[in-house]
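Notes to accompany the following structure.
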Amino acid sequence: MRITSAYLRPILISLFLGLLCSLGVRGESAAAAPVVPVALAPTVEQRLASLEAYLANTDPTAALKNARGEIPPGLTTPSAGVAGPGHNAWMMVSAALVLFMTLPGLALFYGGLVRAKNVLSIMGWCLGITSVVTVLWWAVGYSLVFGKSFDSAYLGGSEHFFLKGVGGAPNPNYSFWVSHNVFAMFQLMFAIITPAVIVGAVVERMKFSAVLAFTVLWVLLVYCPLAHMVWGANGLMNGLANPAASIKAIDFAGGLVVEMASGWSALVLCIVLGPRLGFGKTPMPPHSLVLCMVGTGLLWVGWYGFNAGSAVAADGIAGNAFMATTIAAAVAAGTWAGLEYYLRGKASVLGFCSGAVAGLVAITPACGFIDATAAVWVGLAGGTLPFFACTKLKGWLRYDDALDVFGVHGVGGTIGMLLTGVFADVAINGNLATHLSASVGRTLWIEQLKGMGVALALAVGGTLAIALVLRATIGLRPTIEAEQEGLDLTDHGEHGYIYDASNI
Amino acid sequence: MKLIVAVIKPFKLEEVKDALAAVGVEGLTVSEVKGFGRQKGHTEIYRGNEYTVDFLPKAKLEIAVPDELAGAVVEAIASAARTGKIGDGKIFVLPLEDVVRIRTGERGEAAV
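From first to last, the protein sequence lines are chains A and B.
Just so you know, we're using this note's numbering here: the first sequence kicks off at 289 and counts up by one.
Just so you know, we're using this note's numbering here: the second sequence kicks off at 3 and counts up by one.
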């Protein structure tokens, strides 16, 4: 009986399908009669190809196109327009990891490097920036970067204001398999950490209100246009995905948008703001390298979400980014500490921490495009040039970049962008062959230089304008008394540490 | 009565306390202090910024003792705190006019 039914079932199904087909033919032959459109069913091959697109991180509707390259109206498969579970899961983890880089990674890394009277201040800045940028991203930010309605290479659109239309279905402009809302949140975390990186240059001497006002203006006027230019589907410098891009540069995870933008903006902001009271006369050593080291570890781990997550898929390119990130960070940490040992006789913990972050910065634009050996070179460069920028250049030029944001992120990001153009390899990332096969391995570094010029001009010009306007209106600095007292007490009414015999 | 004030290396505190207990000292007050003598400070470097730390951490002991115990106490501290290296500290011996035990109101040597 069992055998009979196993044979019977396909026969019955094919009979049923045959009947359906004959009905369809009859419907077509009776062209004059207005018929209710019959939902087209995909073939098994089409359904399979659509499902296989999930494995390859490609378009699930590609298999549905007819000879003219069009999808017949009404034809779809169960795999089209839905989130792929694996890709979605990885991207939610990645988004959380990138938030972890700011809260508490950066807060601890920076918090340990300031004096004890300002430790809560920088932590409060990280929290405040997270709140403000999240609301901004919901209202207009996401749409200005990843919308299309302005049809502009410089700014996105207004169609996703208030995250309208950002739901669980993927947005095929950016990913075939990751939910649009997950993509929007992943990108939000980048918009949060970028201004949070900048303010490391101005710790201990900027008003809380001025930090928040600067954040709002900077994200709107510098971050949103720059991120659209680099990552927007029709962006000016999106060489990877936009065949019409005037500058065919590549930036995997934010060498331009996050690192160069934050580093150069930090330099401008700290010069406009002026040095801390007593800079160069009063000792200002870090109050806790323990916090700093813990923060470094969190940044490093979080950076896997930042870099490998920037593949916007749990695919082989993400795997390559993970590998390159690890290698560059470890090499740069050892390089920085090794230079200290060679020049001064002691390898410091802060040296390892600074080198690791500088290496992570340098590998950011490159990680999804270069191989393991190239990552070693990026790590060596990322550990060396930022080392000299922090220990020599800053001393010569006498600017008070308190936590070396320019030295680490500005210099590290700039080198990383350039080396990305040198080492990018079609064998590592096949997407490079789509629009860039002529320049990869040859002239790509020139396109990188052009992109770096645009990012640098926008960051420097935008930050200078914002800082000067704020200085003339609400003011940037706290009172001298507040700065001497420490911003923990004067801006937040709290102390980071309460060591009082009566309180134990 | 004498007030003995000793400034010693902090890690020697436990040994000094044990030595003092052995000669019959029944109480002392310890403070964490900073200072410099011939030892001077040291240099710390954070990303190329050099800071000279002039004041080094020390432990300061204050002990009130009857006159006849003062010699033994000074000897106990000196031998327990000595490493032979620069920075071992100093012992000051001061005359003490009066002592009051707050709980009972006892005064003088009875209160020591």
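Note that the Cβ used here is the ideal one computed from N, Cα and C, for glycine as well.
Keep in mind it's a predicted model, so treat the numbers as computed, not measured.
Of the residues the options, the one placed nearest residue i, counting alpha carbons only
{"i": "arginine 564/A", "options": "Leu339/A, Glu773/A, Ser338/A, Asn354/A", "result": "Glu773/A"}
{"i": "alanine 646/A", "options": "Ala621/A, Ala625/A, Gly453/A", "result": "Ala621/A"}
{"i": "methionine 517/A", "options": "Lys452/A, Val504/A, Ala533/A, Thr346/A", "result": "Ala533/A"}
{"i": "threonine 422/A", "options": "Ala479/A, Thr390/A, Asn459/A", "result": "Ala479/A"}
{"i": "isoleucine 10/B", "options": "Gln41/B, Asp100/B, Ala24/B, Val27/B", "result": "Gln41/B"}
{"i": "serine 553/A", "options": "Val381/A, Val699/A, Met705/A, Ile535/A", "result": "Val699/A"}
{"i": "aspartate 689/A", "options": "Val485/A, Phe640/A, Val714/A, Glu771/A", "result": "Val485/A"}
{"i": "lysine 62/B", "options": "Thr54/B, Glu99/B, Asp90/B, His44/B", "result": "Asp90/B"}
{"i": "isoleucine 65/B", "options": "Val114/B, Phe13/B, Lys36/B", "result": "Val114/B"}
{"i": "alanine 368/A", "options": "Arg759/A, Ile605/A, Ile417/A, Ala337/A", "result": "Ala337/A"}
{"i": "isoleucine 93/B", "options": "Lys87/B, Val101/B, Gly73/B", "result": "Gly73/B"}
{"i": "leucine 555/A", "options": "Val491/A, Cys512/A, Leu509/A, Lys569/A", "result": "Val491/A"}
{"i": "isoleucine 481/A", "options": "Ala721/A, Glu333/A, His697/A", "result": "His697/A"}
{"i": "threonine 420/A", "options": "Val504/A, Leu648/A, Leu638/A, Ala529/A", "result": "Going by the sequence as given, residue 420/A is valine instead of threonine. Residue Val504/A is the option with its Cα nearest to valine 420/A."}
{"i": "leucine 5/B", "options": "Glu70/B, Ile88/B, Thr85/B, Lys87/B", "result": "Glu70/B"}
{"i": "valine 7/B", "options": "Gly86/B, Val35/B, Asp20/B, Val25/B", "result": "Val35/B"}
{"i": "leucine 476/A", "options": "Tyr630/A, Ala650/A, Asp603/A, Val545/A", "result": "Val545/A"}
{"i": "glycine 26/B", "options": "Pro59/B, Glu46/B, Val67/B", "result": "Val67/B"}
{"i": "alanine 427/A", "options": "Asp439/A, His723/A, Ser446/A", "result": "Ser446/A"}
7 Å Cβ cutoff, residue i in contact with chain B
{"i": "threonine 679/A", "result": "yes"}
{"i": "leucine 638/A", "result": "yes"}
{"i": "aspartate 779/A", "result": "no"}
{"i": "proline 573/A", "result": "yes"}
C-beta neighbour in chain A for residue i, strict 7 Å
{"i": "arginine 49/B", "result": "yes"}
{"i": "proline 12/B", "result": "no"}
CB contact flag (residue i, residue j, <7 Å)
{"i": "alanine 341/A", "j": "proline 348/A", "result": "yes"}
{"i": "alanine 78/B", "j": "leucine 22/B", "result": "yes"}
{"i": "proline 653/A", "j": "glycine 704/A", "result": "yes"}
{"i": "serine 431/A", "j": "phenylalanine 449/A", "result": "yes"}
{"i": "leucine 557/A", "j": "alanine 745/A", "result": "no"}
{"i": "valine 18/B", "j": "alanine 80/B", "result": "no"}
{"i": "alanine 635/A", "j": "threonine 584/A", "result": "no"}
{"i": "lysine 405/A", "j": "aspartate 776/A", "result": "yes"}
{"i": "alanine 606/A", "j": "alanine 599/A", "result": "yes"}
{"i": "valine 510/A", "j": "alanine 753/A", "result": "no"}
{"i": "histidine 375/A", "j": "alanine 601/A", "result": "yes"}
{"i": "alanine 441/A", "j": "valine 454/A", "result": "no"}
{"i": "arginine 493/A", "j": "glutamate 771/A", "result": "yes"}
{"i": "proline 674/A", "j": "glycine 701/A", "result": "no"}
{"i": "tryptophan 465/A", "j": "glycine 372/A", "result": "yes"}
{"i": "isoleucine 734/A", "j": "aspartate 659/A", "result": "no"}
{"i": "leucine 691/A", "j": "glycine 488/A", "result": "yes"}
{"i": "leucine 328/A", "j": "leucine 352/A", "result": "no"}
{"i": "glycine 435/A", "j": "glycine 444/A", "result": "yes"}
{"i": "glycine 597/A", "j": "serine 382/A", "result": "yes"}
Residue burial classification, residue i (beta-carbon count within 10 angstroms, cutoff 16)
{"i": "phenylalanine 594/A", "result": "buried"}
{"i": "lysine 682/A", "result": "buried"}
{"i": "isoleucine 786/A", "result": "exposed"}
{"i": "phenylalanine 474/A", "result": "buried"}
{"i": "serine 550/A", "result": "buried"}
{"i": "glycine 749/A", "result": "exposed"}
{"i": "asparagine 608/A", "result": "buried"}
{"i": "arginine 105/B", "result": "exposed"}
{"i": "serine 467/A", "result": "buried"}
{"i": "asparagine 354/A", "result": "exposed"}
{"i": "phenylalanine 38/B", "result": "exposed"}
{"i": "aspartate 117/B", "result": "Within the shown structure, residues of chain B are numbered from 3 to 114, placing residue 117/B beyond reach of any answer."}
{"i": "lysine 452/A", "result": "exposed"}
{"i": "tryptophan 588/A", "result": "buried"}
{"i": "threonine 679/A", "result": "buried"}
{"i": "proline 458/A", "result": "buried"}
### Inter-stretch contact at 8 Å, needing at least 3 Cβ pairs: the region 403-418 of chain A / the region 613-628 of chain A
no
### Validate contact between the region 392-402 of chain A and the region 566-584 of chain A using beta carbons, cut 8 Å, 3 pairs
yes
### Query
If we count Cβ pairs, one from each stretch, closer than 8 Å, do we get three or more for the region 655-674 of chain A versus the region 708-725 of chain A?
yes
### Query
Three or more C-beta pairs closer than 8 Å, one from the region 535-548 of chain A and one from the region 518-526 of chain A: is that the case here?
yes
### Task
Mind the definition here: the region 494-511 of chain A touches the region 751-768 of chain A only if three or more C-beta pairs lie below 8 Å; say whether that holds.
yes
#### Entry: At least three beta-carbon pairs within less than 8 Å, the region 565-572 of chain A to the region 381-389 of chain A
They do not touch, by the three-pair rule.
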